Amino acid sequence: DQQVKQNSPSLSVQEGRISILNCDYTNSMFDYFLWYKKYPAEGPTFLISISSIKDKNEDGRFTVFLNKSAKHLSLHIVPSQPGDSAVYFCAASALRSGGSNYKLTFGKGTLLTVNP
Amino acid sequence: GAGVSQSPSNKVTEKGKDVELRCDPISGHTALYWYRQSLGQGLEFLIYFQGNSAPDKSGLPSDRFSAERTGGSVSTLTIQRTQQEDSAVYLCASSLMFRSYEQYFGPGTRLTVT
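Chains as they are written, first to last, in the numbering used here: chain A, 6 to 121; chain B, 343 to 456.
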């Protein structure tokens with residue numbers, strides 16, 4: 006039972022264009038969402054996050070949108086750069102809902118390739 | 343400052359042998375987490391430490407897996423009688439106690455069981 010789903014295993018975009026990575030979740034207890042970026046042979050690094058009380062969070066070229074009613078979030082990267090090529094993981098936490106608020110539940114990741 | 347470090351970076355072992363994986367968290371981070379990433383899968387939660395105690399071991403796949411943490415710092419994940427399905431990248435993360443949503447990951451140990 007996958008609670009966080011990234012249905013696109015890969016995405017290829019041209020440099021300068023927008024990259025949109027999608028993530029869906031099923032657990033209504035999730036109230037905090039994160040995106041991690043992972044290069045080969047390295048651990049995931051935190052990129053951006055959003056609380057369920059917001060619907061948008063922006064940090065430079067990266068924006069995360071949250072649609073709670075659809076249980077869907079997306080990460081927009083604009084403009085995309087070749088250095089953005091990596092695996093992007095969506096993760097969720099039940100931060101204020103009680104229970105296992107320390108546990109991150111991850112999707113399987115999307116490999117983004119930005120072509121020069 | 344120094345990030346989370348893990349050793350070894352790669353480990354190849356024969357089926358049935360025991361292995362120990364080590365994690366050095368960021369100094370001052372009282373919370374420590376172990377995750378596993380099997381081929382083509384997302385990161386799977388294994389165990390969580392708060393200080394030296396492990397209030398949640400629910401993610402450990404079997405009783406062949408155990409972990410300990412001493413001095414509120416270094417943690418060791420031990421897999422006994424390794425099986426081929428244990429082959430994966432084992433990732434350790436740490437965080438400040440009440441900031442579990444900001445987990446910092448190490449580079450991982452790639453375990454291959456032949």
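For glycine and all other residues, C-beta sits at the position ideal for the given N, C-alpha and C.
Quantities reported herein were computed from a predicted structural model and do not represent experimental measurements.
Short Cβ contact (8 Å threshold) for residue i with residue j
i, j, result
"residue 417 of chain B", "residue 409 of chain B", "yes"
"residue 70 of chain A", "residue 54 of chain A", "no"
"residue 36 of chain A", "residue 101 of chain A", "yes"
"residue 390 of chain B", "residue 41 of chain A", "no"
"residue 117 of chain A", "residue 52 of chain A", "no"
"residue 382 of chain B", "residue 113 of chain A", "yes"
Short CB-CB distance (under 8 Å) between residue i and chain B
i, result
"residue 98 of chain A", "yes"
"residue 30 of chain A", "no"
"residue 107 of chain A", "yes"
"residue 71 of chain A", "no"
"residue 94 of chain A", "yes"
"residue 16 of chain A", "no"
"residue 116 of chain A", "no"
Inter-residue spacing [alpha-carbon to alpha-carbon] between residue i and residue j
i, j, result
"residue 363 of chain B", "residue 454 of chain B", "13 Å"
"residue 397 of chain B", "residue 366 of chain B", "19 Å"
"residue 11 of chain A", "residue 435 of chain B", "22 Å"
"residue 450 of chain B", "residue 90 of chain A", "20 Å"
"residue 34 of chain A", "residue 93 of chain A", "23 Å"
"residue 400 of chain B", "residue 443 of chain B", "19 Å"
"residue 13 of chain A", "residue 45 of chain A", "19 Å"
"residue 420 of chain B", "residue 447 of chain B", "19 Å"
"residue 345 of chain B", "residue 428 of chain B", "26 Å"
"residue 64 of chain A", "residue 82 of chain A", "10 Å"
"residue 423 of chain B", "residue 121 of chain A", "47 Å"
"residue 403 of chain B", "residue 72 of chain A", "33 Å"
"residue 360 of chain B", "residue 388 of chain B", "18 Å"
"residue 368 of chain B", "residue 439 of chain B", "12 Å"
"residue 405 of chain B", "residue 59 of chain A", "41 Å"
Any chain A beta carbon closer than 8 Å to residue i
i, result
"residue 432 of chain B", "no"
"residue 373 of chain B", "yes"
"residue 407 of chain B", "no"
"residue 385 of chain B", "yes"
"residue 426 of chain B", "no"
"residue 448 of chain B", "yes"
"residue 382 of chain B", "yes"
One or two residues paired with residue i in a DSSP bridge
i, result
"residue 417 of chain B", "B:365, B:411"
"residue 471 of chain B", "Residue 471 of chain B lies beyond the range of chain B shown here (343 to 456); nothing can be said about it."
"residue 452 of chain B", "B:352, B:431"
"residue 29 of chain A", "A:10, A:77"
"residue 392 of chain B", "B:373, B:395"
"residue 64 of chain A", "A:67"
"residue 444 of chain B", "Paired residues: none, contrary to the question."
Residue i in three-state terms, based on DSSP
i, result
"residue 14 of chain A", "coil"
"residue 426 of chain B", "helix"
Against chain E: residues of the segment 46-63 of chain A by CB proximity under 8 Å: Of the protein chains in the structure, A and B, none is chain E.
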